[in-house]
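The opening residue of the sequence shown carries number 151 in my numbering; numbering runs sequentially from there. Note that beta-carbon positions come from the ideal geometry of N, C-alpha and C, so glycine has one too. Take a look at the structure set out below.
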Amino acid sequence: MFHEKGGIQDEWIVVMKEDSTTAGNRRLRNRIFDSQTAENIAKQVGNSAGETVEVKKTFSKTMSGFSARMSTKAAELLSQRKDVDFVEQNGVITVDQSVEWGIDRVDQRDLPLDNAYDTDGDGSGVFAYIIDTGVLTSHDEFEGRATWGYNSVDDNDEDCNGHGTHVAGTVGGATYGVAKNVNIIAVKVLGCSGSGTYAGVIEGVEWVEDDAAGKLATANLSLGGTSSAALNLAVKNLHASGVPTIVAAGNDNDDACNYSPAGEEAIITVGSTDNDDSRSSFSNYGDCIDIFAPGRGVTSAYINDGDANDVSNTAQLSGTSMAAPHVCGAAALLLSSGISVSDVANEIISRATDGKVTDNNNSANKLLYVGEIGPTSAPTTAPPTPTPPPTPSPTFFDCGNQALFTMELLTDD
């Protein structure tokens, strides 16, 4: 499979077929497919194609397969093997970014806003994996709850873009977050420019599935590119492994089903709304949208490019990248309140407020609601937390003209 835009020359993702004896048994599958198996396959194909096929990364958690550098000829030969499901060109993916009235909106059914945030639960004991540009873990918003997890893109274990820190702040910041006591884990798959590759994102997703085993956990991917069957498979299996997976719908004012990972039906895809409950003009839409959440002009934690010691900076951004982490925070609230992992997605959708989103363009008309979270519907007795004032000078990223086969941040101006 070739990508029409943003494909990386001579880089491919290979997905193996599930053996009939191991289908449904991931532990057995993981023992069978390893780096040596990938190298053997690469050597066989390389000999047939008259070239060297370089295995770059082996996948065994969310899928059986590997990424490799090889010619189109070798990729075509590889795709003809009986044990290969499909071969897909690697591509570039970017963030989906487009403030803080958002948490105020999601704890109440109707407008106008009441300038308060009141919900039952705070995400205690839950781990939120932010698969993004990294996180400024020392930021004041995280109060020591943020740690570094994994980096698949470079040797710089810090957020040099700011997008991942902003997303993490909406998931679990002390002031701006939905789940104010969740543990934040930084998984860097996009670089300083806000872009990375499908293979790099899959590598990060693989690490999350392994690290999250035995934990109460949720994952957020506020990034996107054109459709990738390999990436969709990876996030589908992460979700199925017991990590509720939330992704941004994309900022192209287009059918979300045409993009990845937004087009994967098994996960939770989030569109963006404005402060009047209308669908944001940039937000993707359609059958693949599961729910909407606030996404325009959301204030959250941010980096300070001019001062590495500034751990209190904020910014106001817009995009489905900003909408998705509201839902990831909601997943953390549910998990910490005793909702079973298998019920989280259904609970998020069933508790959403119906019929509020205007111009939803045939998308599910569901607006995120986190009020009265918990096993019972008893109202909370905790005092409301005041909603912080918006940042005076909005800061926006514009990724609208970036090539979509690089994984990209999903922000919009």
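### Query
Do the CB positions of Val339 and Gly299 come within less than 8 Å of each other?
It is not a contact, given that the beta carbons lie outside the stated cut-off.
### Task
Please report how far the alpha carbon of Val321 lies from the alpha carbon of Glu204, in whole angstroms.
38 Å
### Query
Secondary structure at Met166, three-state DSSP: helix, strand or coil?
strand
### Whole runs of the beta strand (DSSP E) within the segment 251 to 316, excluding any shorter than 3 residues
276 to 282, 296 to 301
### Query
Are the beta-carbon atoms belonging to Ala473 and Gly436 less than 8 Å from one another?
No, Cβ-Cβ distance for Ala473 and Gly436 is not below 8 Å.
### Query
Whole alpha helix (DSSP H) runs in the segment 451 to 538 with 4 or more residues, listed along the chain?
Fully contained in the segment 451 to 538 are the following alpha helix (DSSP H) runs of length 4 or more, in chain order: 470 to 486, 491 to 501.
### Message
Give me the residue from Tyr326, Cys407, Gly215, Asp169 with the minimum Cα distance to Asn190.
### Response
Gly215
### Query
Nearest to Glu414 by alpha carbon, out of Ser431, Thr202, Ala390?
Ala390
### Query
Considering only residues of the same chain and omitting the five flanking positions on each side of Asn240, which have a CB-CB separation below 8 Å?
Gly157, Ile158, Glu161, Trp162, Ile163, Ser217, Thr347, Tyr348, Ala349
### Task
Under 7 Å Cβ to Cβ from Ala514, same chain only, skipping five residues before and after it: list those, please.
Ile439, Asp440, Ile441
### Task
Report yes if the CB atom of Val461 is closer than 8 Å to the CB atom of Ala481, and no otherwise.
Taking a C-beta distance under 8 Å as the contact criterion, Val461 and Ala481 do not qualify as a contact pair.
### Query
Relative to the C-alpha of Val285, which residue among Gly196, Gly344, Gly375, Ser185 is closest?
Gly344
### Query
Where does Ser372 fall in DSSP's three states?
Judged by DSSP in its simplified three-state form, Ser372 adopts coil rather than helix or strand.
### Query
Asp504 to Asp426, Cα distance in whole Å?
15 Å
### Task
Measure the beta-carbon distance from Ala398 to Gly375 and round it to whole angstroms, keeping in mind my assumption that it falls under 8 Å.
Between Gly375 and Ala398 the Cβ distance is about 11 Å, and since that is not below 8 Å, they are no contact.
### Message
Is the separation between the beta-carbon of Ser471 and that of Leu559 shorter than 8 Å?
### Response
yes
### Query
What number of angstroms, rounded off, separates the C-alpha of Ser372 from the C-alpha of Thr202?
36 Å
### Message
On the DSSP letters alone, give me the boundaries of the beta strand (DSSP E) that Gly346 sits inside.
### Response
Annotation: the continuous beta strand (DSSP E) that includes Gly346 extends over 345 to 347.
### Start and end residues, beta strand (DSSP E) containing Gly421
418 to 423
### Task
Please report how far the alpha carbon of Glu497 lies from the alpha carbon of Val420, in whole angstroms.
15 Å
#### Entry: Thr122 versus Ile453: straight-line alpha-carbon distance, rounded
This structure does not reach residue 122, given that the chain is present from 151 up to 563, and the question cannot be answered.
### Query
According to DSSP, which residues form a beta bridge with Asp405?
BP columns for Asp405 point to Tyr435.
### Message
Less than 8 Å between the C-beta atoms of Gly479 and Val328, yes or no?
### Response
Their beta carbons are under 8 Å apart, which means Gly479 touches Val328 by this criterion.
### Query
If you drop the 5 nearest sequence neighbours on each side, which residues of the same chain put their C-beta closer than 6 Å to that of Phe183?
Ser210, Ser214
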